[in-house]
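K.L.:
Questions regarding the structure given below will be posed in turn.
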Amino acid sequence: MRYFFVIFVLFFVFLPRSTEAIRWLALHESDGNWTESDCSEARRSGALWSAQARVCRRQPGAMPHVVAAARIARTTCLSTYAGERWNCSSIELAPKFTPDLLTGTREQAYVYAISAAALSWSVARACAAGALAACSCAAPPRAPPRPPREAAPPEPHARFKWGGCGDNFQWAERFAKQFLDAHEIDVRDGKIENFIEVETTTTEKPTTTTRLETTTVPPVVILVDDQPAPANITATPRPRKGRRGRKRVPRSPRRGRPTRKRFRSRYGYDDRGSRHRNIEYRMAADDPRFDPQVDLRTRLESLRPLIASANLMNARFGRKVVSSGMRTKCTCHGVSGSCSVRTCWRALPALARVGAALAGEAARAGPLRAHPRRRARPRARLRYVTPSPDYCEPEPAAGSPGTHGRKCNASAGAARGGCGRLCCGRGRRAVRSARLERCRCRYHWCCRVDCQLCRITTEEHYCN
């Protein structure tokens, strides 16, 4: 009986809590050097899979850079989607995620791509800095570097040499594949049967109460656009083909072309992308595999291999964006500042630029079907399995926290962070507050500073 009890306890200790290989993003709070015992502890806590723990034990010196990659990926995702309806807040719940990062959505495609890009970027920079004993600077390329963009130097361009210390992306890419892709390959091939434990609770909504200093007037709440807009029409009737069914758009007096850009707000094209996404989400809900009302465990049992395939493609695409963004940097050497000899090396791009590029690719991501129609090799792009909702209303089954109570910018309109985009037509409310601060301070010799008290009024807007 005692032996059976020990086995029962060990079974639940080593039981995985999620089916995602991005659980290592929970390591962003770790610090210090890593040992084999630290790798085992991370495996027991659920932050690493067994394959990732083996890589950790083989390369313990690379784990501080893995932790740095988790911080970079988290910061990049939060800053990239700060003003969007989906603000990447669910990445902070690692290693437990909500369904928006479990069911193969566009958002999950972005998180996988940026995590793979951040891991390869961090390890490659560590190799170039000499912080890893297993790797060093990148090997010099075979092709000669391009001539500088400035005026042609007096010496021919053939006088160059590869030097410096280039970022070793080849070694970093191999390490990222071993660390990230091993578990997804096992899930795709059906070698792992995992118990699924999902965190369906959403993050706390931002409160509309503001902490004020010594005020002279209590805050005033003003309802702006109090009357809510009519219900969003998810499926608009398509116009009939022919001349009568077409929408007449004013034409430009210069070239005679439709001026859709000038009259975009008039014809309601501001929210075109999210509207089509919501239609796609509602249409996919008819399939029991994607229906958010169906139990998440039931949905993932049929979609797990397909989601694993999409995760592998998205991680590969994230590493490809980093490698394609590498640029040649050169330093000129010569007498009196001339560029008679150039020393060049290959350097990685800024990760903020990679994150912005991946965000654009996530908006243009394509669906991954279990049975593709064509056998031709599709072009590389981000892939999703489950369509994403518009994230306007709270929907725990889909991982949508909603935008109620979100702070927005009233002057931005439908742009990023604007009330027109975040409030989804529900209107907003403005909170005005006044406080007293010292202003117009003057220094008098010697030694006195006289200031006046100024009343400063601030106004903040929150979505209904």
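Residues -21 to -1, 1 to 443, numbered by mature numbering (1 follows the signal peptide of the UniProt record, and there is no 0), are exactly what the sequence shown covers, in order. Glycine included, every Cβ here is placed at the ideal spot set by N, Cα and C.
Looking at V34 and W3, is the spacing between their C-beta atoms short of 8 Å?
P.N.:
No.
K.L.:
From this set, R23, E86, G145 and P39, which residue's C-alpha is nearest S379's C-alpha?
P.N.:
Answer by Cα proximity: E86.
K.L.:
Quick one: what does DSSP say V273 is sitting in, helix, strand or coil?
P.N.:
V273: coil per DSSP, three-state reduction.
K.L.:
Can you give the Cα-Cα distance for residue 484 and A107, rounded to whole angstroms?
P.N.:
For the chain, the structure presents residues -21 to 443; residue 484 sits outside this window and is missing.
K.L.:
On the three-pair Cβ rule with 8 Å, is the stretch 15 to 33 touching the stretch 335 to 348?
P.N.:
The stretch 15 to 33, when compared against the stretch 335 to 348, does not touch it at the 8 Å Cβ threshold.
K.L.:
If I51 and S99 are in contact, beta carbons under 8 Å, what's the gap, nearest whole angstrom?
P.N.:
Between S99 and I51 the Cβ distance is about 11 Å, and since that is not below 8 Å, they are no contact.
K.L.:
Quick check on the DSSP output: the beta strand (DSSP E) that includes Y441 runs from which residue to which?
P.N.:
Its beta strand (DSSP E) spans residues R427 to C442.
K.L.:
In the DSSP assignment, find the unbroken beta strand (DSSP E) run with residue 444 in it and report its ends.
P.N.:
Only positions -21 to 443 of the chain appear in this structure, which leaves residue 444 out of reach.
K.L.:
Quick one: Cα of V428 to Cα of A326, how far?
P.N.:
So the two alpha carbons sit approximately 52 Å from each other.
K.L.:
Where does V364 fall in DSSP's three states?
P.N.:
V364: coil per DSSP, three-state reduction.
K.L.:
For the 8 Å Cβ check, are there 3 or more pairs between the stretch 114 to 122 and the stretch 412 to 427?
P.N.:
No, because fewer than three Cβ pairs between the stretch 114 to 122 and the stretch 412 to 427 fall closer than 8 Å, the two stretches do not touch.
K.L.:
On the DSSP bridge list, what partners appear for E374?
P.N.:
For E374, which the question treats as bridged, DSSP gives the partners S379.
K.L.:
Between which two residues does the beta strand (DSSP E) containing W324 stretch?
P.N.:
V320 to A326 is the span of the beta strand (DSSP E), which, as asked, contains W324.
K.L.:
Taking only the alpha-carbon atoms, compute the straight-line gap between C56 and P373 and give it to the nearest angstrom.
P.N.:
Their backbone Cα atoms lie some 21 Å apart in a straight line.
K.L.:
Report the residue from M292, C420 and E20 whose alpha carbon sits nearest the alpha carbon of A95.
P.N.:
It is M292 whose Cα lies nearest to the Cα of A95.
K.L.:
Figure out for me which residue from T382, A112 and N147 has the closest Cα to the Cα of Q38.
P.N.:
Closest option to Q38, Cα to Cα, is A112.
K.L.:
To the nearest angstrom, how far is it from the Cα of T322 to the Cα of G304?
P.N.:
So the alpha carbons of these two residues sit roughly 20 Å apart.
K.L.:
Hey, how far is the Cα of G297 from the Cα of G142?
P.N.:
The alpha-carbon atoms of G297 and G142 are separated by roughly 28 Å.
K.L.:
Is the beta carbon of E438 closer than 8 Å to that of N393?
P.N.:
The displayed chain sequence assigns Ala, not Asn, to residue 393. Result no, Cβ atoms of A393 and E438 do not sit closer than 8 Å.
K.L.:
For L279 versus L81, is the C-beta distance shorter than 8 Å?
P.N.:
Result yes, Cβ atoms of L279 and L81 sit closer than 8 Å.
K.L.:
Should residue 449 and G334 be called a contact, given that it needs their Cβ atoms to be closer than 8 Å?
P.N.:
The structure shown does not extend to residue 449, since the chain is modelled only from -21 to 443, so the question has no answer here.
K.L.:
The alpha helix (DSSP H) with C35 in it runs from where to where?
P.N.:
Segment S29 to R37, the alpha helix (DSSP H) holding C35.
K.L.:
Contact defined as beta carbons within less than 8 Å: I believe C371 pairs with G384. What is the distance between those atoms, to the nearest angstrom?
P.N.:
Actually they are not in contact, since the Cβ atoms of C371 and G384 sit about 13 Å apart, beyond 8 Å.
K.L.:
So the candidates are I1, K140 and G83; which of them puts its Cα closest to the Cα of S319?
P.N.:
Of I1, K140 and G83, the residue nearest in Cα terms is K140.
K.L.:
Looking at C-alpha atoms only, which residue of V314, K308, L275 and G345 is the closest neighbour of A289?
P.N.:
Of V314, K308, L275 and G345, the residue nearest in Cα terms is G345.
K.L.:
To the nearest angstrom, report how far apart P375 and Y91 are at their CA atoms.
P.N.:
Approximately 21 Å, taken between the alpha carbons.
K.L.:
Helix, strand or coil for H136, going by three-state DSSP, please let me know.
P.N.:
Residue placement at H136 is flagged as unreliable, the pLDDT there being 48, under the threshold of 50; a coordinate-derived value is accordingly withheld.
K.L.:
How about C430 and R405: do their beta carbons lie closer than 8 Å?
P.N.:
No. Outside cutoff.
K.L.:
Need the endpoints of the beta strand (DSSP E) that A413 sits in, please.
P.N.:
Unbroken beta strand (DSSP E) run through A413: R407 to H423.
K.L.:
How many angstroms separate the CA atom of P366 from the CA atom of C144?
P.N.:
Rounded to whole angstroms, P366 to C144 spans 44 Å at the Cα level.
K.L.:
P346 bridges to which residues according to DSSP?
P.N.:
DSSP output for P346 lists Y363 as bridge partner(s).
K.L.:
In terms of residues, what are the limits of the alpha helix (DSSP H) holding W100?
P.N.:
That run of the alpha helix (DSSP H) goes R85 to A108.
K.L.:
Would you report the Cα separation of R434 and H162, rounded to the nearest angstrom?
P.N.:
Taking the straight line from one Cα to the other gives about 59 Å.
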